[in-house]
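Structure first, then comments.
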Amino acid sequence: MSNFIIRKVAVLGAGVMGAQIAAHCANADVPVLLFDLPAKDGKPNAIVDKALAGLKKLDPAPLAAKDRAAFIDAANYGSDLEKLRECDLIIEAIAEKMEWKLDLYAKVAPFIRPDAIFASNTSGLSINGLAEGMPAALRGRFCGIHFFNPPRYMSLVELIATRDTEAAMLDQLESWLTTRLGKSIVRAKDTPNFVANRVGVFSILAVMHHTARLGLGFDEVDGLTGPLIGRPKSATYRTADVVGLDTLAHVVGTMQATLPDDPWHVHFRLPEWLQALIAKGALGQKTRAGIYRKEGKQIQVLDLKTGDYRPSAGDVIPAVETMLKIDDPVERFSLLAASELLEAQFLWAIFRDVFHYCAVHLGDIADNARDIDLAMRWGFGWAQGPFETWQAADWSEIAKAIQLDIDHGRAMAKVPLPAWVFERKGVHEPGGSYSAATATLKPRSTLPVYKRQLYPEQVLGEAPSDRGETLWENEGVRLWTRPDQDARIGILSFKSKQHAIGDEVLDGLLEAVARAERDLDGVVLWHPAPFAVGANLHQVVEACKAGQFDMLERTVAKFQRASMSLKHAQVPVVAAIQGMALGGGCEFAMHSAHRVLALESYVGLVEAGVGLIPAGGGSKEFALQAHTLAQKAAGGDVFPYIQQSFQTIAMATVAKSALEAVQLGFAKPSDDVVFHPQELLYVGIRRARALAESGYRPPLVQRAVTVAGRNGIATCELMLVNMAEGGFISSYDYKVAKAAATALCGGEVETNSRVSEQWILDVERALFVDLLRQEKTQQRIAHTLETGKPLRN
Ligand code: NAD
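The number in the working numbering is simply the position in the sequence shown, starting from 1, with 5 added.
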């Protein structure tokens with residue numbers, strides 16, 4: 006089969022979804038034409054221009070770096086339809102109205118190349134119905150492509166085939182969406198609202214039903230249905246506000262109109278109070294009022310008893326919290342189901358009704374149970390899908406309890422559980438997940454793209470992934486390989502909580518690198534996110550309390566040796582980064598021979614936040630970068646290059662994507678950005694192999710680095726004086742920032758002195774230990790450990 010290439014994408018509709026889908030394509034280096042209707046007055050592209058401006062203001066940011074917007078061109082259906090011929094993939098994301106979509110299809114069809122793909126982002130309209138609007142010749146390359154909001158961050162894309170969709174095309178599109186855009190695909194059937202929204206919205210309706218039945222408060226229910234049961238912090242009602250109450254109404258309306266035979270049909274309507282909110286324009290977050298609202302600094306919640314808002318509390322009663330924190334799911338569920346407490350009964354009821362709903366509908370809405378579970382994880386942020394939750398809690402016991410409730414009229418519908426439920430012990434097995442439509446186990450997809458995911462997200466009960474072979478380990482790290490991938494590329498993983506870097510990690514890293522130099526061809530520093538949250542501050546606090554500053558100085562020296570061992574190892578070390586890479590984690594990344602970064606990498610030298618400066622070689626690396634850049638520039642002055650890194654370090658700026666990490670100098674333009682985090686290890690291993698094969702040589706330790714010295718420090722201080730006078734920084738911020746400037750400028754030496762790398766390391770280490778002795782630094786560290794937030798003192 007020939008290569009599948011998407012050179013250009015067109016997105017039709019520059020609304021909430023269209024603009025953000027365009028942004029994500031631009032993140033992935035795919036140029037985009039973003040279309041909307043021609044504006045009635047002003048410039049013809051005014052609607053799209055406004056959407057593009059809006060992209061830069063959205064939080065969380067759809068653009069992984071602001072400059073990506075330059076790869077999106079505005080277009081309109083009045084003058085630019087010819088340009089559609091340039092596009093290999095066209096994604097329609099206009100308003101959710103069948104007639105409007107069909108009108109548009111008729112208008113654009115003559116300009117679509119027969120080999121292009123046309124896909125609709127509809128949330129719930131019939132894909133087969135929409136395909137009717139396409140000329141017969143284009144129907145083979147038409148399908149549904151259902152992104153979730155916000156599309157950069159929500160991993161799920163549902164792909165929906167029609168009767169005529171070419172199977173090979175869909176496979177290629179699935180592979181492209183996975184690797185290029187980093188999305189996680191579930192194949193959905195052409196049923197209303199597809200998989201995730203069908204179950205997710207039912208779950209919201211079930212929560213609403215039982216909230217009303219038991220007379221609970223919305224904030225109380227959000228306390229119960231958030232992280233305590235493995236769901237996002239926004240839980241249920243806050244999520245509804247974020248999604249938009251009108252959007253929710255729309256999706257529920259689709260279920261009401263299109264699923265007349267669903268046994269739960271009577272429940273497919275929104276409660277009156279919610280309809281009243283919509284009627285008065287309180288649509289949630291976008292209108293600043295919905296189920297919740299903010300009054301000054303106070304979050305308030307609607308209270309149905311008074312019809313007015315009151316301060317939101319959301320506390321969970323301790324007895325229920327204790328139950329939910331029980332590790333054993335079997336015990337947890339049996340306690341919930343048997344409890345007399347209102348809150349426990351509520352929780353049992355919402356789980357029961359969703360389990361019931363999923364069991365009855367598995368056959369018609371999804372290929373198999375794994376697809377429902379993964380869709381709920383990827384589309385709604387649930388830690389576990391409904392089937393795996395059920396299976397973990399003892400399948401047969403739960404099935405009996407559900408049936409008993411159905412028989413006694415306690416469940417939301419009377420329909421019995423399907424017979425297969427009682428014939429099985431669960432739905433997920435090592436051999437695959439149950440398909441109710443075919444009464445067989447369905448294994449994972451065999452598409453080659455999934456060979457790139459060495460540790461795909463697994464559902465409970467699946468065969469465990471290959472753990473590889475351990476070569477060596479200590480308390481802090483494990484050095485291992487995946488012989489099926491490459492027996493001579495070591496994988497170095499930290500074992501510590503959040504992968505914080507303490508003594509045992511440093512010892513382990515030094516030993517592992519030495520072993521790799523002796524026995525292997527390369528190393529990948531990899532573990533699941535986060536990459537590393539920085540130094541183990543608990544150990545630092547203990548040592549400070551005991552006044553062991555000499556010991557701390559030795560630990561910092563070891564840290565520096567660890568960084569230098571990564572950089573100067575005789576075999577290439579590739580850092581494979583996802584999630585947070587902060588402080589020492591960032592320094593290890595900077596010292597590696599090469600970085601492969603998941604797009605969602607959050608990288609920064611955040612030491613200033615705890616009253617410190619980077620001293621694991623981070624300041625030194627920026628001084629070296631300035632030296633290298635200045636050598637290429639006329640005049641050779643290093644200071645202009647110090648300035649940006651000084652600001653970055655002094656403000657503890659964190660890159661909010663891999664692309665920003667490159668812009669800020671934590672990574673290099675030649676590093677790899679990987680869009681699907683599960684492909685990171687695969688790419689890392691191959692990158693290490695490629696470096697080894699191309700005759701890798703570590704860089705030489707620099708002996709003559711030109712540094713900015715005293716003038717540089719003085720110029721940084723000028724900036725600080727202004728900031729202090731403006732009240733932007735405290736006097737202690739000033740002290741910390743000056744220390745950072747001093748390290749970056751190579752210490753109090755003559756301007757343009759030439760110093761060795763080791764000299765700069767010695768300077769940053771001395772400044773670091775001096776700051777550690779300061780009470781205010783110790784207060785900052787203690788505060789951060791307690792609250793997770795920085796202290797401005
Ligand atoms: P939106 O209202 O933000 O944007 C719709 C866009 O369509 C607007 O830019 C508008 O100018 C354009 N438009 C309206 N009528 C048109 C017409 N007759 N012809 C051409 N263009 C027209 O909507 P949205 O939330 O971005 O949703 C777009 C699509 O994506 C819908 O099918 C929706 O169901 C689906 N969707 C939405 C979400 C979500 O959370 N908002 C999630 C997944 C899928």
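For glycine and all other residues, C-beta sits at the position ideal for the given N, C-alpha and C.
Cβ neighbour criterion (16 or more within 10 Å) applied to residue i
i	result
Ala660	buried
Gln575	exposed
Ile377	buried
Val523	The question names Val, but residue 523 is Arg in the sequence shown. The residue is exposed, with fewer than 16 neighbouring Cβ atoms inside 10 Å.
Arg708	exposed
Asp412	exposed
Ala284	exposed
Val113	buried
Ile506	buried
Arg472	exposed
Val432	buried
Leu511	buried
Asn373	buried
Leu599	Residue identity check: residue 599 is His in the sequence provided, not Leu. That one is buried.
Ser606	buried
Glu428	exposed
Phe40	buried
Asp313	exposed
His29	buried
Inter-residue spacing [alpha-carbon to alpha-carbon] between residue i and residue j
i	j	result
Gly714	Phe499	37 Å
Phe838	Arg375	Because the chain here runs from 6 to 798, residue 838 falls outside it and cannot be looked at.
Ala663	Val601	9 Å
Phe644	Pro577	31 Å
Arg12	Lys194	29 Å
Asp34	Val678	11 Å
Glu698	Arg770	36 Å
Phe123	Phe199	19 Å
Arg157	Val206	21 Å
Leu282	Ser239	19 Å
Ala294	Arg315	13 Å
Tyr799	Lys572	In the structure as shown, the chain begins at 6 and stops at 798. Residue 799 is therefore absent and cannot be evaluated.
Pro682	Leu604	8 Å
Glu137	Ala468	42 Å
Leu135	Thr196	13 Å
Leu1	Gln305	Look at the range of the chain in this structure, 6 to 798, and you will see that residue 1 is not part of it.
Arg236	Thr327	17 Å
Phe147	Met260	24 Å
Ala388	Arg382	6 Å
Asp369	Arg185	31 Å
Arg493	Arg692	13 Å
Trp278	Gly286	13 Å
Gln636	Ala580	27 Å
Val321	Glu225	7 Å
Val365	Leu379	18 Å
His811	Leu705	The structure shown does not extend to residue 811, since the chain spans only 6 to 798, so no value can be given for it.
beta-carbon residue i near the ligand NAD non-hydrogen atom, thresh 6 Å
i	result
Val21	yes
Thr230	no
Ala201	no
Gly18	yes
Ala79	no
Ser239	no
Trp383	no
Gln28	In the sequence as presented, Gln is not what sits at residue 28; that position holds Ala. No, the ligand NAD has no heavy atom inside 6 Å of this Cβ.
Ser128	yes
Ile95	no
Asn154	yes
Ile99	yes
Cβ-heavy atom distance, residue i to the ligand MG, below 6 Å
i	result
Ser160	Ligands in the displayed structure: the ligand NAD; the ligand MG is not one of them.
(message) Whether or not the stretch 47-56 and the stretch 79-95 are in contact is what I'm after, with contact meaning three or more pairs of Cβ atoms, one per stretch, closer than 8 Å; do they touch?
(response) Flag = yes, the stretch 79-95 and the stretch 47-56 touch.
(request) Decide if the stretch 325-335 is in contact with the stretch 397-412; the criterion is three or more beta carbon pairs, one per stretch, under 8 Å apart. (result) Segments in contact, yes.
(request) Evaluate the contact criterion for the stretch 581-594 versus the stretch 741-752: three or more CB pairs, one atom per stretch, below 8 Å. (result) no
(message) For the pair the stretch 747-758 and the stretch 715-734, tell me if three or more CB-CB distances fall below 8 Å.
(response) yes
(message) Three or more C-beta pairs under 8 Å: does that hold for the stretch 525-541 against the stretch 777-787?
(response) no
(request) Check whether the stretch 65-73 touches the stretch 37-45, counting contact only when three or more Cβ pairs, one atom from each stretch, lie closer than 8 Å. (result) no
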